[in-house]
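Chemist: One structure is given below, represented as structure tokens, and several questions about it will come after.
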Amino acid sequence: MARAQAESVIRRIIRDIAQECASKGQAVSETLVAFMVKATVLDPLNHFNVDRTLTKQDVQRLIELCVVKLMDQGSPALDTIKMQVYFDMNYTSRREFLEEHHRVLLSRLASVGREITDSRLRTRDDLEGLYRRIVSYVLLRSGLGSPTDINTVREATAALQSVFPQSELATFMSLTKADKEQQLSELTMIVTGIRLFNKDCRKGGEGIEDVPSILNEAIPATINDIERELKESQSLAWQYTALLEKFVDPKDGTVQSPIKTEFLQQALYNVRQHEAFLKVILADAILCAKQVESLQSDLMARLMLLEATVHAKTAVPTAQVFPHFTALSKLWAGFQDEMVLLSILDNTVVSLRPFLTAQSHLLLEGQLEAMLDGVDIKSDDDRLKESAEERINPSKYKSQDWFQHETTANFDQLPLQYKGICGYTLVKKDGLLVPGNPQIGVLKHKEKYYAFSSKEAACSFAFRPDEYIEAITEKAKKCPELIQLLELHQQFACVTPYSQMQPGERLLVKPISKCDSSTQTDTHLVETNIVKSYEWNEWRLRWKAMQLANLRSKVTHSVQTNLSHMRRNNVTQTYQPKDAGCQTKKDGETNVPRHKVYLAGLRGGKPGPTILTKTNLTRSVDE
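The sequence shown begins at 5 in the working numbering and counts up by one.
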């Protein structure tokens with residue numbers, strides 16, 4: 005079957021399942037339907053062959069099975085999968101939350117900004133209308149008050165006129181659109197800083213809420229609510245765990261359960277998943293509290309510095325106060341971001357509660373307490389304390405790698421498989437989730453790390469690790485909620501996370517075992533460190549020193565015109581002429597005596613033999 009044809013079949017199956025559920029009064033998302041289809045195909049009890057093309061009978065049976073599972077409103081397993089889909093589709097990192105919030109805010113203000121940047125002034129009324137729109141834009145973007153409140157508008161207008169009078173509109177209209185948007189952003193921050201400073205001085209601040217005080221009350225309340233729900237989920241998880249241990253491994257013969265053990269297991273998975281999500285949200289809420297504390301200290305320091313700058317002064321240079329106003333605006337925007345983030349976290353906690361409905365209605369009131377009569381309920385900490393003294397001796401397992409807390413750096417940061425759940429107990433006790441104790445020893449097998457609830461479990465798992473890993477995979481095929489709960493996406497390469505799933509993708513995508521790859525080596529592995537100002541010439545350094553010394557007696561002049569106002573600073577600097585002289589080389593000469601020799605008797609003329617006489621007439625150098 006061609007890929008396009010296969011995708012068309014998948015879309016049709018998903019659409020048919022969603023329509024069938026809608027006709028029965030149950031609205032389901034395409035993401036939930038797509039995952040349920042994959043989970044149904046993976047379940048070995050349904051006998052679907054992945055390697056064979058689905059026939060019409062297979063497609064019809066697949067649709068019927070999925071509809072039955074999606075319509076089972078009393079199933080804790082379905083609630084768990086819905087919870088996972090909701091959280092994965094609606095929760096993201098702190099940075100992405102804030103980026104999305106800023107993007108939405110700017111998109112809402114885009115039309116107001118275009119009215120300002122694209123306007124054409126013809127009359128004085130147009131000029132006044134444009135100035136009012138700028139005031140409204142500043143109020144909307146800062147979030148400090150409503151543009152329909154007269155007192156707020158008056159205060160914002162007065163603050164804007166102090167930095168951007170109406171006479172500057174002609175210059176503003178001559179700018180390009182990008183420069184106009186940049187100036188609007190700068191004006192918003194400066195006006196916001198002025199209003200915040202006036203509020204601190206009790207001279208204004210109309211319509212500005214005390215966001216830091218609100219956060220100081222809201223954050224502890226939110227954290228307390230999350231911790232309360234977390235304790236309730238943990239308590240239920242411990243009770244379900246104790247009850248399942250009683251049924252799976254009874255000490256006093258066979259124990260009859262009023263409900264199927266399978267439903268108790270699904271309820272355990274449900275509350276464990278809820279517990280995991282609440283821990284993630286709680287960590288974000290605590291980080292939010294730390295961020296607010298840091299912002300408050302920075303805000304107080306900035307206000308004190310600004311007050312010292314403008315204290316008892318009738319006029320202060322803009323270059324000194326504008327940076328403080330801008331910093332105040334950014335700090336206040338940080339408070340507003342934390343308020344938005346806290347609201348999102350609180351809404352997420354509230355939205356997770358309906359996914360506990362099936363689990364809460366599983367047993368009648370008082371029935372759970374009656375079933376737990378005489379059962380020792382152990383918390384996760386109690387189980388860790390029981391196995392605190394147990395240790396694996398790595399010398400007995402020379403063919404395997406064991407990590408101990410005492411001998412391993414960053415031991416607490418090891419990425420444990422199954423989110424720290426003991427894999428041995430999960431297999432031997434038919435899906436029971438018991439947290440492992442890393443202090444016993446962490447097994448490294450095929451570049452993955454495993455923790456165990458007891459020394460016996462660690463030894464048994466280490467003896468046949470591949471068999472236990474395969475058994476856990478088979479268990480997850482029957483209980484698809486374990487794929488997300490235990491983070492088994494690597495084992496199920498065909499099942500993608502919900503947030504990455506597309507409605508039209510294939511049901512099962514086999515993992516790619518081969519691929520084309522390429523590598524590239526950097527030319528310079530170590531960054532170069534070239535000091536551009538380095539001088540090797542001593543005379544060049546002396547010249548620079550004289551130049552710097554000469555600058556002390558110079559005067560710097562700056563000029564600013566109406567055209568350059570609020571745009572940039574123009575600075576010029578001159579050097580006074582100076583007299584300079586230099587000395588060049590001089591000509592010199594030397595004289596040495598000429599070499600003279602006189603020879604006598606060469607002519608002859610006298611009878612007898614000729615006698616040659618040599619006389620040196622060269623003068624001495626010392627003369």
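The C-beta atom is built at its ideal place from N, Cα and C for all residues, glycine as well.
Considering Cα atoms alone, identify which of Ala319, Leu332, Leu291 is closest to Arg306.
Modeler: Leu332
Chemist: Using a Cβ-based criterion (distance less than 7 angstroms to any ligand heavy atom), does Leu303 qualify as near the ligand FMN?
Modeler: Among the components modelled here there is no ligand, and therefore nothing to report on the ligand FMN.
Chemist: Could you tell me which uninterrupted alpha helix (DSSP H) segments, each at least 4 residues in length, are contained entirely in the region 172-233, listed from first to last along the chain?
Modeler: 173-177, 181-204
Chemist: Assuming Gly211 contacts Asn202 under a Cβ cut-off of 8 angstroms, what Cβ separation, rounded to an integer in Å, is found between them?
Modeler: About 12 angstroms separates the two Cβ atoms, so there is no contact after all.
Chemist: Between which two residues does the beta strand (DSSP E) carrying Val446 extend?
Modeler: 446-449
Chemist: Spell out the partners DSSP gives Ile425 in its beta bridges.
Modeler: Pro439
Chemist: Please list the segments of the alpha helix (DSSP H) lying wholly inside the region 374-421, counting only runs of 4 or more residues, in order along the chain.
Modeler: 384-390
Chemist: For a test of the three-state rule: what should DSSP assign to Ala246, helix, strand or coil?
Modeler: helix
Chemist: According to DSSP, simplified to helix, strand and coil, what is Val513?
Modeler: Reliability of the predicted coordinates at Val513 is poor, the pLDDT of 40 falling under 50, and no value is obtained from them.
Chemist: Go to Tyr454, then tell me how far its beta strand (DSSP E) extends in each direction, as first and last residue.
Modeler: 452-454
Chemist: Here's the rule: buried if 16 or more other CB atoms are within 10 angstroms of the residue's CB, otherwise exposed. What is Ser237?
Modeler: Buried, because 16 or more other Cβ atoms sit within 10 Å of the Cβ of Ser237.
Chemist: When the Cα of Gln269 is compared with those of Met308, Ala362, Val215, which residue comes out closest?
Modeler: Ala362
Chemist: Contact defined as beta carbons within less than 8 angstroms: I believe Arg489 pairs with Tyr273. What is the distance between those atoms, to the nearest angstrom?
Modeler: The sequence as given places Leu at residue 489; Arg does not occur at that position. Contact flag correct, Cβ pair sits at about 6 angstroms.
Chemist: Return the CA-CA distance between Arg598 and Ser624, expressed in angstroms with no decimal places.
Modeler: The straight-line gap from Cα to Cα measures roughly 10 angstroms.
Chemist: So is Pro442 buried or exposed if we call it buried at 16+ other beta carbons inside 10 Å?
Modeler: When all chains shown are included, Pro442 counts as buried.
Chemist: What's the gap between the Cα of Val601 and the Cα of Gln587?
Modeler: 45 angstroms
Chemist: Report back the beta-carbon spacing between Ile14 and Ile67 to the nearest angstrom; my notes put them in contact at under 8 angstroms.
Modeler: At roughly 12 angstroms, the Cβ-Cβ gap does not stay under 8 angstroms, so Ile14 and Ile67 are not in contact.
Chemist: What residues are listed by DSSP as bridge partners for Ala4?
Modeler: Absent from the model: residue 4. The displayed extent of the chain is 5 to 627, so no value can be given.
Chemist: Would you please state the rounded distance, in angstroms, between the beta carbons of Pro262 and Gln371? I believe it to be under 8 angstroms.
Modeler: 7 angstroms
Chemist: What did DSSP end up calling Lys618 once you bin it into helix, strand or coil?
Modeler: In the structure shown, Lys618 sits in a strand (DSSP, three-state: E or B).
Chemist: Going along the chain, which unbroken runs of the alpha helix (DSSP H) with 4 or more residues stay wholly within the region 326-366?
Modeler: 361-364
Chemist: Measure the alpha-carbon distance for Trp242 versus His493 and round it to whole angstroms.
Modeler: 26 angstroms
Chemist: Under 8 angstroms between the Cβ atoms of Gly117 and Glu185?
Modeler: Contact flag set, yes.
Chemist: Establish whether the CB of Lys250 and some CB of chain B are separated by less than 8 angstroms.
Modeler: Given the protein chain composition of this structure (a single chain), no chain B is represented.
Chemist: Who are the near neighbours of Gln3 in its chain, counting only those whose CB is closer than 8 angstroms to its CB and skipping five residues on each side?
Modeler: The shown model of the chain, from 5 to 627, leaves out residue 3, and the question about it has no answer.
Chemist: Along the chain, where does the beta strand (DSSP E) containing Val601 start, and where does it finish?
Modeler: 601-604
Chemist: To the nearest angstrom, how far is it from the Cα of Tyr141 to the Cα of Thr175?
Modeler: 19 angstroms
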